[in-house]
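Peer 1: Following this message is one structure expressed as structure tokens.
Numbering (my numbering), first residue to last: 1 to 69.
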């Protein structure tokens with residue numbers, strides 16, 4: 001099932017447990033995937049885009065120990 005809800009910086013921050021400014025900094029430094037939509041100059045990402053990014057980003061503890069599988 002696809003989750004097409006659009007998330008702003010605020011929803012992304014809540015999902016990964018950081019401040020909104022941290023997510024903005026991630027984007028500024030090219031650490032976030034490109035937005036799925038920009039509306040009124042504000043970027044938005046599909047929830048699935050962010051969930052995939054979270055599983056692939058460096059330092060994701062849930063991936064540790066799976067490299068040998």
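Note that the Cβ used here is the ideal one computed from N, Cα and C, for glycine as well. Only a predicted model underlies this, so the values are computations on that prediction, with no experimental measurement involved.
Going residue by residue through the segment 20-61, where are the continuous alpha helix (DSSP H) segments of at least 4 residues, counting only ones entirely within it?
Peer 2: Whole alpha helix (DSSP H) segments, 4+ residues: 20-28, 47-56.
Peer 1: Quick one: grab the DSSP three-state call for residue 8.
Peer 2: As a working mapping, residue 8 is identified with position 8 in the chain shown. In the structure shown, residue 8 sits in coil (DSSP, three-state: anything other than H, G, I, E or B).
Peer 1: Taking 8 Å as the limit between beta carbons, can you name the residues of its chain near residue 36, skipping five residues before and five after?
Peer 2: Translated into the one-based positions of the chain shown, residue 36 becomes position 36. Correct list, in chain order: 6, 44, 45, 46, 49.
Peer 1: Using the C-alpha atoms, what's the distance from residue 56 back to residue 18?
Peer 2: By one-based count along the chain shown, residue 18 stands at place 18. By one-based count along the chain shown, residue 56 stands at place 56. Approximately 17 Å, taken between the alpha carbons.
Peer 1: How would you call residue 32, buried or exposed, if buried means at least 16 neighbouring beta carbons within 10 angstroms?
Peer 2: Residue mapping note: residue 32 aligns to position 32 of the chain shown, counting from 1. By the neighbour-count rule (16 or more Cβ atoms within 10 Å), residue 32 is buried.
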